[in-house]
Ligand code: GLN
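Numbering (the UniProt record's numbering), first residue to last: 29 to 493.
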């Protein structure tokens, strides 16, 4: 813990951390030492990790990257935070030490960590570039060796895309696998927490602790027994041998992901080389189609802002966070507090969300988008009749220079093309380092599985690694 605190300091130009509290971390580390000395066993006892700043953390500030929550301290831990760390009255803790809170886009809205009220996080491979977003601080911290693992959250790609941009592994579990209790809501029907780490094995270790039912606290959390995702990582695919451990595994390549324009040549080349490795391991590549995938961007950018406009209505200057100084009346207090507290991207999304939900437009936008969401889920179901998992790019390019998309929100939305379909369908999806593209920058390969196949995704990634 001490060594990593020093490293966080030394690499502070990455702006990966938005809160550190050495005393608090060392106190937790000493408590872990005492437990170890007593011979206690817990999966992460004494391991320093850090949390994305949208997960509430007792004793630490939690701001969700927003001025709106400057100075806010939650009286309780998010369920995934409690499970990884000190535990709570319901869940035993795995004993990890919290090293701090990690930078992210404001309320997790963004793909480059450029919409943080605390300034952009930087990509350790090239600090002039974005680390990806919205879990940019998490990816940068892991890639720079500031922590061995971190939490992230993924609504439309926010674990997978920064993992790809920073050359690490991250998994967005099946919707409902991890409790959303204490995850500051962006779009509740899409939000999922997940681990980000250097390897699939480390992700498996964290996910085993994070996942599991959370009765009374998150009604959408699945009632499935906890599972040890590190078990079976080295086992070959059923019927295969150690020489070709993926023999018999069918990897679907969606036509829409591989044969349409938009994915940069350097990314394509790196991914093709990765596919060859998977083939050498015995996997068979099959063509599949996801015909509605190009509708994922318009559908997502209606649904996510719609939910966000509702979720963010709680930030009214009365109950939480920022309150404007002098106001004429209640409406003025709401208006000023929200104008001052929310950044431009968040305000844009609240406006879009309110518009698509308003009387007379609801049917044309929100309802249409819900129908597209269903079609996308059906596309995946049909594709999985022909393959065991799907592989594709995570993002159409390597990490872009900070500022390159600042004037053009839509350009940033378009970069989410490959991550949104699995989000809308609620499927588990993983990003793993696959090679390098332009400028030696990392390229990630995305693996998407049927519902509840996290173990399969982690196993294939582990065998590739
Ligand atoms: N880039 C997407 C957005 O801005 C996804 C963000 C996320 O997954 N939190 O909404």
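Idealized CB from N, CA, C, for every residue including glycine.
Residue i, buried or exposed, once every other Cβ within 10 Å from all chains shown has been counted against 16
| i | result |
| --- | --- |
| residue 68 | exposed |
| residue 310 | buried |
| residue 142 | buried |
| residue 220 | buried |
| residue 118 | exposed |
| residue 335 | buried |
| residue 244 | exposed |
| residue 56 | buried |
| residue 440 | buried |
| residue 475 | buried |
| residue 34 | exposed |
| residue 254 | exposed |
| residue 389 | exposed |
| residue 284 | buried |
| residue 372 | exposed |
| residue 354 | exposed |
| residue 192 | buried |
| residue 32 | buried |
| residue 114 | buried |
| residue 103 | exposed |
| residue 252 | exposed |
| residue 420 | buried |
| residue 101 | exposed |
Inter-residue spacing [alpha-carbon to alpha-carbon] between residue i and residue j
| i | j | result |
| --- | --- | --- |
| residue 405 | residue 229 | 28 Å |
| residue 83 | residue 271 | 42 Å |
| residue 469 | residue 275 | 31 Å |
| residue 134 | residue 144 | 5 Å |
| residue 160 | residue 491 | 26 Å |
| residue 410 | residue 393 | 26 Å |
| residue 302 | residue 293 | 14 Å |
| residue 74 | residue 347 | 36 Å |
| residue 318 | residue 459 | 19 Å |
| residue 235 | residue 86 | 21 Å |
| residue 269 | residue 223 | 30 Å |
| residue 189 | residue 357 | 43 Å |
| residue 305 | residue 267 | 19 Å |
| residue 129 | residue 414 | 42 Å |
| residue 391 | residue 172 | 47 Å |
| residue 94 | residue 256 | 35 Å |
| residue 258 | residue 316 | 30 Å |
| residue 430 | residue 140 | 8 Å |
| residue 262 | residue 485 | 12 Å |
| residue 364 | residue 352 | 6 Å |
| residue 417 | residue 112 | 29 Å |
| residue 71 | residue 39 | 28 Å |
| residue 332 | residue 164 | 19 Å |
| residue 280 | residue 313 | 6 Å |
| residue 81 | residue 450 | 24 Å |
| residue 445 | residue 402 | 17 Å |
| residue 181 | residue 212 | 10 Å |
| residue 452 | residue 225 | 24 Å |
Residue from the options whose Cα sits closest to the Cα of residue i
| i | options | result |
| --- | --- | --- |
| residue 481 | 322, 171, 232 | 232 |
| residue 29 | 42, 454, 41, 49 | 49 |
| residue 47 | 388, 439, 140, 36 | 36 |
| residue 92 | 73, 114, 138 | 138 |
| residue 88 | 438, 45, 312, 462 | 45 |
| residue 323 | 360, 387, 407, 312 | 407 |
| residue 359 | 369, 370, 423, 344 | 344 |
| residue 423 | 449, 265, 471, 432 | 471 |
| residue 107 | 171, 179, 153, 95 | 179 |
| residue 152 | 162, 170, 431, 381 | 170 |
| residue 202 | 191, 66, 185, 213 | 185 |
| residue 329 | 456, 473, 94, 438 | 438 |
| residue 362 | 373, 349, 165 | 349 |
| residue 97 | 226, 64, 340 | 340 |
| residue 177 | 61, 109, 412, 337 | 109 |
| residue 464 | 308, 300, 59 | 300 |
| residue 53 | 100, 124, 332, 40 | 124 |
| residue 162 | 121, 214, 174 | 214 |
| residue 466 | 327, 443, 296, 403 | 296 |
| residue 218 | 493, 477, 454 | 454 |
| residue 487 | 194, 199, 380, 62 | 199 |
| residue 478 | 181, 278, 379 | 278 |
| residue 369 | 383, 99, 247, 338 | 99 |
| residue 342 | 378, 298, 155 | 378 |
Residue i: CB within 7 Å of a non-hydrogen atom of the ligand HEM
| i | result |
| --- | --- |
| residue 45 | This structure simply doesn't include the ligand HEM; it includes the ligand GLN instead. |
Meets three-Cβ-pair contact criterion under 8 Å: the region 287–298 and the region 397–410: Counting C-beta pairs with one atom in each stretch, the region 287–298 and the region 397–410 have fewer than three that are closer than 8 Å, which means they do not touch.
Chain-ordered list of residues that sit, by beta carbon, closer than 6 Å to a heavy atom of the ligand GLN: 136, 137, 138, 139, 162, 182, 183, 184, 185, 186, 214, 332, 444
Touching by the beta-carbon criterion (3+ pairs, under 8 Å), the region 238–250 and the region 206–220: Yes, the region 238–250 touches the region 206–220.
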